[in-house]
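Heads up: the structure comes next, in structure tokens.
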Amino acid sequence: MEKEEFQKAFVLACRFLSDTIGCPKIYTEEEDIQGCTSDGENCEKEDQWECWQHYFLERVSTEEVCRICGCTQDNACPGGCWWIKEDLCSSCYEKLKSQSAS
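In short: position in the sequence shown from 1, add 749, done, that's my numbering.
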């Protein structure tokens, strides 16, 4: 996937979340989300999808996330996994290894 397509997919995902479940502050009340002026239920931001963008960008800058499947330390792959690299889990590493061998 090209970088531009990935960026569009990210924006679409954030808009989908905004349209279907609203502001991320509803689920992350303990977190301060940059640019989000909400207490959760009463988001004052017209473009709530921007709140989702800030939420995800803040998470990836402060938390290890697998670049392929999106697993984290607190939300591992089914069956478990561990970090091979800072942004690559053992499950995805094995899949990549088997794909390159075929």
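All C-beta atoms in this analysis are idealised placements derived from N, C-alpha and C, irrespective of residue type, glycine included.
Distance CB(residue i)-CB(residue j) smaller than 9 Å
| i | j | result |
| --- | --- | --- |
| V760 | Q802 | yes |
| E754 | E780 | no |
| I770 | Y804 | no |
Spatial neighbours of residue i in its chain, beta-carbon cut-off 6 Å, leaving aside the 5 residues before and after
| i | result |
| --- | --- |
| C818 | C841 |
Alpha carbon of residue i to alpha carbon of residue j, nearest angstrom
| i | j | result |
| --- | --- | --- |
| K844 | C763 | 28 Å |
| L837 | C826 | 12 Å |
| Q756 | G828 | 30 Å |
| V809 | C785 | 17 Å |
For residue i, the residue or residues it bridges with in DSSP
| i | result |
| --- | --- |
| K844 | DSSP lists no partner for K844. |
| C838 | W832 |
Close-in-space but distant-in-sequence residues of the same chain around residue i (CB under 7 Å, 5 per side omitted)
| i | result |
| --- | --- |
| I833 | S839, Y842 |
Hey, which unbroken runs of the alpha helix (DSSP H) at 4 residues or more fall wholly within the region 776–836? The qualifying runs are 797–811.
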